[in-house]
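Okay, so here's the structure we're looking at.
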Amino acid sequence: MGQVRVRFAPSPTGHLHVGGARTALFNYLLARQLQGVFVLRIEDTDMERSTEESVTVILESMEFLGLEWDEGPGKGGEFGPYFQSQRLDIYRKYADMLVKSGRAYECFCTPKELDEMRQAQKQRKEDLKYDGRCRHLTEEQRQEFIKQGKKSVLRFKAENEGVTVVNDLIKGKVTFDNHQLDDFVIIKSDGIPTYNFAVVIDDALMQISHVIRGEDHLSNTPKQIQIYKALDFNVPRFAHMPMILGPDKSLLSKRHGATSVTQFRDEGYLPSAMINYLALLGWSYDDAQTIFAKQELIDKFSLEKVSKNPAVFDIKKLQWMNGVYIRELEIDELYQMVLPHWQELEFLPKNPSNEQKERAKSILKSLQERIKLLSDLDDSAYYFFQDELRYNEKAVRKVLYKEGSLEILGYLLTELLAVKEFTQENLEPIFKQAQNKFERKLGDIMQPVRVAVTGTNVSPGIYDVLGLVGRAKSCQRIKNAMEMIKFHQKEV
RNA sequence: GCUCCCAUCGUCUAGUGGUCUAGGACACCGCCCUCUCACGGCGGAGACAGGGGUUCGACUCCCCUUGGGAGUACCA
3 MGQVRVRFAP SPTGHLHVGG ARTALFNYLL ARQLQGVFVL RIEDTDMERS TEESVTVILE
63 SMEFLGLEWD EGPGKGGEFG PYFQSQRLDI YRKYADMLVK SGRAYECFCT PKELDEMRQA
123 QKQRKEDLKY DGRCRHLTEE QRQEFIKQGK KSVLRFKAEN EGVTVVNDLI KGKVTFDNHQ
183 LDDFVIIKSD GIPTYNFAVV IDDALMQISH VIRGEDHLSN TPKQIQIYKA LDFNVPRFAH
243 MPMILGPDKS LLSKRHGATS VTQFRDEGYL PSAMINYLAL LGWSYDDAQT IFAKQELIDK
303 FSLEKVSKNP AVFDIKKLQW MNGVYIRELE IDELYQMVLP HWQELEFLPK NPSNEQKERA
363 KSILKSLQER IKLLSDLDDS AYYFFQDELR YNEKAVRKVL YKEGSLEILG YLLTELLAVK
423 EFTQENLEPI FKQAQNKFER KLGDIMQPVR VAVTGTNVSP GIYDVLGLVG RAKSCQRIKN
483 AMEMIKFHQK EV
C-alpha cells in the first residue's frame with residue numbers, strides 16, 4: 003500500500019461546524035498515525051454562498067484546534083491549487099474527456115421543465131430521477147437549441163445495470179442498485195462543476211487514499227464511484243462517519259446552541275478539551291479511558307473502533323471535560339490564556355507590572371478548580387479588579403439581611419482595620435474569635451463578609467478573597483454593606 | 001414515495017454466542033470532606049426497542065416490525 007493521503011474539504015459557506023471539526027480530526031489522526039499526508043482543500047464552487055471571510059474563519063478554527071494540514075491554503079503542495087474555484091480548467095478537461103468517450107452529454111432542459119418532470123413523477127409515484135430526455139439528442143436538435151440561445155449543462159451518463167458496492171471502512175459492505183441512479187449534472191450551465199464531479203477529480207488527482215467524511219455523503223458515493231471508473235481512476239477507500247445530533251435527535255444545528263468552533267473558543271473552551279471530546283463522539287478506545295491527550299489519540303485511533311450510530315452532542319460532558327483540562331493547566335498557561343481577554347475587560351492594563359501579574363495568577367489559582375469555562379471568570383473574578391460590586395439579590399437577602407449580620411460585620415470591621423498584617427495567618431484568628439464571641443457557626447461569620455466583599459455567596463476561600471482584594475477595599479465594602487443593612491432595616 | 005445507514009442506562013459508549021445478576025464516563029440523587037461554591041472520596045437509581053427464527057445457549061447471528069437519521073438539486 004502506498005502512502006496514506008487524507009483530506010478535509012470544507013465548503014466556505016459559514017463557520018467550521020463541530021461536525022466538520024470532528025471529520026477533520028479523524029482525518030488528521032489517521033494521517034499522523036500512519037505518517038501520511040493531511041490535505042486541506044476548499045470546496046468553494048458554490049459561488050452564491052462561498053465567502054472569503056468564511057475561508058479565514060475555517061483556517062483559524064483549524065489552527066485553534068491544532069489540526070495542522072500538510073498541503074493546502076498557506077502551505078502549498080504539489081497537487082494544488084487547493085481551492086476548487088482555481089481548478090475550473092481541470093474539471094473542464096476531464097468533463098470533455100467524458101463527452102468524447104460518450105459518458106457525458108449536453109442537456110438543454112430548463113429548471114422549469116425539470117421541475118414539471120419531477121412533479122409529474124411524484125404524481126405517478128415514480129422515482130424522482132432525470133428521465134434522460136436529452137441523452138439521445140440529434141445534432142440538428144442540438145444546433146436548434148443553441149440557436150434558440152438555450153443554456154446547457156453536462157450530464158453524466160450513468161450505468162443503470164448491476165450494482166455498485168461501497169466497501170466502507172466504518173459501515174462495512176454497502177450495496178446500491180444502479181437502477182437508482184439517474185444522469186446527474188456534472189457541469190452546471192455557468193461552467194462550474196457540481197460537487198459530485200469536482201470531488202472525484204480532486205480526490206483522484208490529489209491521490210487521496212482514504213476518503214473519510216460524514217455519512218451524509220454515503221448515498222452519493224455510488225455516483226462518484228461511477229465517475230472514478232469512467233475516467234479510469236483508482237477508487238479510494240471510503241469511511242463514512244455517523245452524524246452528530248442535537249438533544250432532540252435532529253441534525254445538530256445553530257438551533258441547538260453553539261455549533262461553531264469559533265463560538266466555543268470564544269466561550270472559553272480549550273482546544274485540548276474540544277479535541278478530546280470530539281474524538282470520543284463516535285469513537286472509543288476501551289471501557290476505561292476517557293481522557294486522551296492529542297498524541298495519545300494519534301497512537302490509539304482506529305477507524306474500526308468508530309461507532310456506526312449517530313451521536314448526540316452532550317454539551318454538559320464537554321463542559322466537564324473542559325474543567326478537567328483547565329485544572330491540569332499550569333498557572334502560567336492559564337494566565338497566558340486569559341490575559342488578552344482580561345485586558346479587554348480592563349482587569350489588567352496593557353503592560354501589567356510584575357506585582358499585577360503575580361496577583362492575577364494568585365486569583366487564577368483560587369478560581370482554577372471552580373470554573374468549567376474560561377468565560378466563567380468574567381463573573382467570578384471581576385470583584386478582584388473592579389470597584390463597583392454587582393450584588394446578587396438573593397444572597398443579599400439571605401445573608402446580609404439575616405438577623406445578626408450587622409453586628410458581626412461591625413465587629414469584624416474593627417478587627418480587620420486593627421490587625422497588623424492583612425494576611426491569611428492573621429485573618430483566621432479574627433474569625434475564630436468572632437465565632438466564639440457570637441456563638442455562631444463559622445459559616446454564619448463568613449457568609450456576611452463574603453457577600454459584603456464579593457457581592458455573592460459563592461467565592462473562593464474567604465481568607466484568600468480578603469487577602470487578594472486587600473484591606474482597604476475589603477473594609478470599604480464591609481462598610482457599604484453595613485449601610486445597606488441599616489437602610490433596609492429602616493425600610494422594614 | 002424510493003434508496004441507503006443506524007438501534008445497549010437521559011447522553012457518549014464497553015460488549016464481537018456462554019466470562020453479563022450487562023462495565024465505564026457525563027448528567028442526576030444521597031452521604032462524607034467543608035467558611036459558600038467547586039474539587040475530591042464513597043454510595044444509589046438507571047439500558048440490551050418489539051416480534052419471530054438459528055443454536056444446547058443469544059445483547060451478541062438472520063428475518064420482519066417499529067423508531068431515528070441521511071440521500072434523492074444546475075448545494076456541498
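Per the working numbering, the very first residue in the first sequence carries number 3; after that it's consecutive. We treat Cβ as the ideally placed atom computed from N, Cα and C, and that holds for glycine.
Note the first and the last residue of the continuous alpha helix (DSSP H) segment covering threonine 499. Nothing can be reported for residue 499: it is not among the residues displayed for the chain, which extend from 3 to 494.
Would you mind listing the beta strand (DSSP E) stretches within the segment 186-212 that are 3+ residues and don't spill past its ends, in chain order? 187-189
Output the boundary residues of the beta strand (DSSP E) element that contains asparagine 169. Here the beta strand (DSSP E) through asparagine 169 covers 165-170.
Going by beta-carbon coordinates alone, are proline 450 and leucine 402 separated by less than 8 Å? Yes. Within cutoff.
Once DSSP output is grouped into helix, strand and coil, what is the label at cysteine 109? strand
C-alpha gap between valine 167 and tryptophan 344, whole angstroms: 56 Å
Inter-residue Cα distance where the pair is lysine 359 and valine 471: 14 Å
Reference lysine 175; option with closest CA among Thr223, Asp129, Gly151: Thr223
Helix, strand or coil for isoleucine 373? Go by DSSP, reduced to three states. In the structure shown, isoleucine 373 sits in coil (DSSP, three-state: anything other than H, G, I, E or B).
With the cut-off set at 8 Å, would you say isoleucine 277 and lysine 302 are in Cβ contact? no
May I have the straight-line CA-CA distance separating isoleucine 2 from serine 364, to the nearest angstrom? Nothing about residue 2 can be read from this structure; the chain reaches only from 3 to 494.
Does the segment 369-388 come close enough to the segment 424-436 that 3 or more CB-CB pairs lie under 8 Å? Between the segment 424-436 and the segment 369-388 there are fewer than three inter-stretch CB-CB distances shorter than 8 Å, so the stretches are not counted as touching.
Cβ neighbours of lysine 367 in the same chain (closer than 6 Å, five flanking residues each side left out): Ile333
Please return the same chain residues whose Cβ sits closer than 6 Å to the Cβ of isoleucine 325, not counting the five positions on each side in sequence. According to the sequence as given, residue 325 is glycine; it is not isoleucine. Lys374.
At 4 residues or longer, and completely inside the segment 103-157: list those alpha helix (DSSP H) runs for me, N to C. 113-125, 141-149
When burial is assigned at 16 or more other CB atoms within 10 Å of the CB, is threonine 416 buried or exposed? exposed
Looking at the unbroken beta strand (DSSP E) that takes in threonine 239, where does it start and where does it end? Here residue 239 turns out to be arginine, not threonine, going by the sequence shown. Run containing arginine 239: 239-243, per the beta strand (DSSP E) assignment.
Residue interval of the alpha helix (DSSP H) (run including lysine 416): Per the sequence shown, residue 416 should be read as threonine rather than lysine. Where threonine 416 is concerned, the enclosing alpha helix (DSSP H) stretches over 407-420.
For proline 479, count neighbouring Cβ atoms within 10 angstroms of its own Cβ and tell me buried if that reaches 16, exposed if not. A small fix is needed here, since residue 479 is arginine in this sequence, not proline. The residue is buried, with at least 16 neighbouring Cβ atoms inside 10 Å.
Simplified DSSP state of threonine 261, which is helix, strand or coil: coil
Does DSSP put leucine 468 in a helix, a strand or coil? helix
Terminal residues of the alpha helix (DSSP H) in which valine 531 lies: Within the shown structure, residues of the chain are numbered from 3 to 494, placing residue 531 beyond reach of any answer.
Nearest to histidine 138 by alpha carbon, out of Trp285, His17, Arg157, Lys149? Arg157
Find the nearest neighbour of lysine 439 within the set His19, Gly406, Asn459, judged by alpha-carbon distance. Gly406
For proline 12, collect the residues of the same chain with a Cβ closer than 6 Å to its Cβ; drop the 5 residues on either side in sequence, then sort them by chain order. Gly22, Ile60
Any chance you could list the alpha helix (DSSP H) runs of at least 4 consecutive residues sitting entirely within the segment 335-373, in chain order? DSSP runs (the alpha helix (DSSP H)) wholly in the segment 335-373: 356-369.
In whole angstroms, what separates the C-alpha of glycine 4 from that of proline 342? 45 Å
Short of 7 Å in beta carbon distance, which residues of its chain neighbour phenylalanine 386, apart from the five on each side in sequence? Order them along the chain. Within the same chain, phenylalanine 386 has close Cβ partners Ile365, Leu470, Val471.
Using beta-carbon positions only, say whether histidine 17 and serine 262 come within less than 8 Å of one another. yes
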